[in-house]
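Since the structure comes first, as structure tokens, the remarks are kept for the end.
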DNA sequence: ATTAGACTGAACCCATGGGTTCAGAAGTGT
DNA sequence: ACACTTCTGAACCCATGGGTTCAGTCTAAT
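Residue numbers (UniProt numbering), protein chains in the order written: chain A, 1 to 209; chain B, 1 to 209.
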């Protein structure tokens with residue numbers, strides 16, 4: 001019966017967390033399309049399929065709602081990016097780095113160009129909430145750079161890249177990939193990725209014969 | 001007397017424009033440190049040294065205030081960046097591209113790291129104001145890329161860079177410069193600039209012997 | 001069946017702040 | 001001196017919306 005009690009608690013807790021997550025997701029969706037100022041909590045409640053007091057039952061106020069919603073979405077986006085980078089793990093042993101880097105780059109860029117990722121970038125910096133920008137950067141950019149640096153270090157060690165600072169190399173590859181999105185929000189993603197890998201390999205590829 | 005009348009009109013118009021600009025500058029300063037939602041028009045008026053009705057005498061409403069303030073600041077920042085790029089004009093004839101590009105890069109990066117430029121980037125994307133982001137991108141990023149592409153094209157034609165698409169090359173150099181600011185907001189600017197030029201020249205420099 | 005906890009919906013309170021009005025001051029051209 | 005425009009400062013109106021309260025409902029565990 002101890003197990004039944006704890007099961008019951010787990011179910012309840014699970015239910016609570018699900019609902020909380022639904023609220024955060026709804027909040028993120030509304031904030032993303034309306035901005036902070038134009039968003040009213042009632043609309044968030046509707047989006048989440050929940051009554052307004054329920055929102056305040058899970059979150060303290062509008063600002064917490066914003067912070068936690070953005071951070072939660074940042075975690076999702078960060079995880080997708082990490083997954084795209086991690087595909088370099090097995091593939092690294094294979095043939096020329098251009099193919100394997102190209103595939104990872106295209107995957108990464110698709111995630112970064114996704115509506116959710118764009119919204120995270122917009123909402124993170126805006127609205128002067130102390131610490132939020134740093135927190136989101138930690139959960140996305142820095143984590144991704146670190147994961148990519150790991151992979152590049154292995155490539156360099158294997159002689160497929162020239163010796164370099166992996167952190168800096170990762171940063172360069174990432175800005176070559178995602179930077180152009182700021183200049184051409186709706187360009188061909190694969191073309192951007194290929195151009196980025198091209199430049200990256202000319203700069204960091206192994207000394208050619 | 002026609003001249004006197006027109007002089008009078010000019011003085012008045014000048015006075016009006018000055019005051020309008022003072023209001024826009026004050027608005028930008030307050031929006032930059034408070035964000036849109038937390039900013040009240042009264043504070044803008046105080047910052048500009050003006051009474052609240054005077055603000056509404058020059059601008060229609062809070063949203064116009066925001067748009068025009070951001071666009072005005074974007075114009076200033078854009079002009080400074082163009083100036084930094086334009087120093088490639090005379091210097092282009094000189095010695096190795098590394099020195100001349102490095103100097104321009106450091107100048108450009110200083111402007112982009114400036115508080116005003118950071119604020120423009122923050123405020124431009126935020127707050128779901130249709131068209132504002134595009135307008136600011138037009139006044140800054142695209143203009144700068146275009147100016148830089150002009151200079152790079154001349155360098156390529158002079159054989160100091162390998163043949164390339166100047167627009168794309170300019171974009172790559174710019175993201176290598178400004179991208180790292182997102183990852184390390186307070187790193188050594190000159191180090192970033194040098195690393196960017198280094199990578200850029202390995203990718204776009206003339207075929208080495 | 002009972003009890004406990006979460007959820008609902010609607011009404012409610014009220015601080016905030018956008019935008020306006022107005023009477024008068026101050027500067028300007030004639 | 002006179003008229004004209006602009007600016008001031010203070011008060012004012014009022015829509016918006018954050019946050020709360022409450023009485024009643026639903027679910028689930030015992």
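Just so you know, even glycine gets a beta-carbon here, dropped at the ideal spot from N, CA and C. Since the structure is predicted, the reported quantities are computational estimates derived from the model, not experimental observations.
| query | result |
| --- | --- |
| Is it true that the stretch 172–192 of chain A meets the stretch 147–157 of chain B, where meeting means three or more beta-carbon pairs spaced less than 8 Å apart? | no |
| Would you please state the rounded distance, in angstroms, between the beta carbons of residue 105 of chain A and residue 196 of chain A? I believe it to be under 8 Å. | 6 Å |
| Any beta-carbon of chain B closer than 9 Å to the one on residue 198 of chain A? | yes |
| Could you tell me the alpha carbon to alpha carbon distance between residue 142 of chain B and residue 170 of chain A, rounded to whole angstroms? | 25 Å |
| Secondary structure at residue 131 of chain A, three-state DSSP: helix, strand or coil? | coil |
| What residue does the alpha helix (DSSP H) around residue 190 of chain B start on, and which one ends it? | 189–204 |
| Please decide whether residue 211 of chain A counts as near chain B, where near means a Cβ-Cβ distance under 9 Å. | Missing from the structure shown is residue 211 of chain A; chain A here goes from 1 to 209 and no further. |
| Tell me which residues of the stretch 30–49 of chain B have at least one Cβ-Cβ distance to chain A shorter than 9 Å, keeping chain order. | 32, 33, 34, 35, 36, 37, 38 |
| If the cut is a Cβ gap below 9 Å, which residues of chain A does residue 119 of chain B touch? | Ordered by position in chain A, no residue passes the 9 Å Cβ test against residue 119 of chain B, which lies about 10 Å from the chain. |
| In the DSSP output, what is residue 161 of chain B paired with across the bridge? | B/205 |
| Going along chain B in order, which residues have a C-beta closer than 7 Å to the C-beta of residue 175 of chain A? | 175, 176, 179, 180 |
| Taking its Cβ as the centre, do 16 or more other Cβ atoms sit within 10 Å of residue 63 of chain B, making it buried, or is it exposed? | exposed |
| For residue 144 of chain A, verify whether its CB is less than 8 Å away from any heavy atom of the ligand NAD. | Among the components modelled here there is no ligand, and therefore nothing to report on the ligand NAD. |
| Do residue 65 of chain B and residue 192 of chain B come within 9 Å of each other at the CB atom, strictly closer than that value? | no |
| Under three-state DSSP, which class holds residue 46 of chain B? | helix |
| Would you be able to state if there are at least three C-beta pairs under 8 Å between the stretch 129–140 of chain A and the stretch 124–143 of chain B? | no |
| Counting only C-beta atoms, is residue 11 of chain A closer than 9 Å to chain B at any point? | Residue placement at residue 11 of chain A cannot be trusted, given a pLDDT of 45 that sits under 50; what the coordinates show is reported in the next sentence. It does not: the Cβ of residue 11 of chain A has no partner Cβ on chain B nearer than 9 Å. |
| Taking a contact to mean a Cβ-Cβ separation below 9 Å, would you say residue 102 of chain B touches residue 188 of chain B in this structure? | no |
| Roughly how many angstroms separate the alpha carbons of residue 116 of chain B and residue 124 of chain B, rounded to a whole number? | 12 Å |
| Starting from residue 75 of chain A and walking both ways along the alpha helix (DSSP H), at which residues does that stretch end? | 62–86 |
| Would residue 105 of chain A count as contacting chain B if we go by Cβ distances under 9 Å? | no |
| So what does DSSP say about residue 39 of chain B, is it helix, strand or coil? | coil |
| Below 9 Å on C-beta distance, what does residue 67 of chain B contact in chain A? | Per Cβ cutoff of 9 Å: no residues; residue 67 of chain B is ~14 Å from chain A at best. |
| Listed from N- to C-terminal order along the chain, which residues in the stretch 133–152 of chain B have their beta-carbon within a distance smaller than 8 Å of any beta-carbon of chain A? | 137, 141, 142, 145 |
| Does residue 151 of chain A come out as helix, strand or coil in the three-state DSSP assignment? | helix |
| For a contact meaning CB atoms closer than 7 Å, what does residue 203 of chain A contact in chain B? | 199, 202, 203 |
| Is it the case that the Cβ atoms of residue 39 of chain B and residue 45 of chain B are separated by a distance below 9 Å? | no |
| Using a Cβ-Cβ distance cut-off of 9 Å, determine whether residue 125 of chain A contacts chain B. | yes |
| Relative to the alpha-carbon of residue 206 of chain B, which residue among B/26, B/107, B/98 has its alpha-carbon at the smallest distance? | B/98 |
| Is residue 16 of chain A close to chain B? Criterion is C-beta to C-beta, closer than 9 Å. | no |
| State the Cα-Cα distance for the pair residue 216 of chain B and residue 118 of chain B, rounded to the nearest angstrom. | It is not possible to answer for residue 216 of chain B, since the shown part of chain B is limited to 1 through 209. |
| Using 9 Å as the limit for Cβ to Cβ distance, is residue 183 of chain A near chain B? | yes |
| How long is the line joining the alpha carbons of residue 146 of chain A and residue 162 of chain A, rounded to whole angstroms? | 19 Å |
| Determine the DSSP secondary structure at residue 18 of chain B, reduced to helix, strand or coil. | helix |
| Would you report the Cα separation of residue 17 of chain B and residue 68 of chain B, rounded to the nearest angstrom? | 13 Å |
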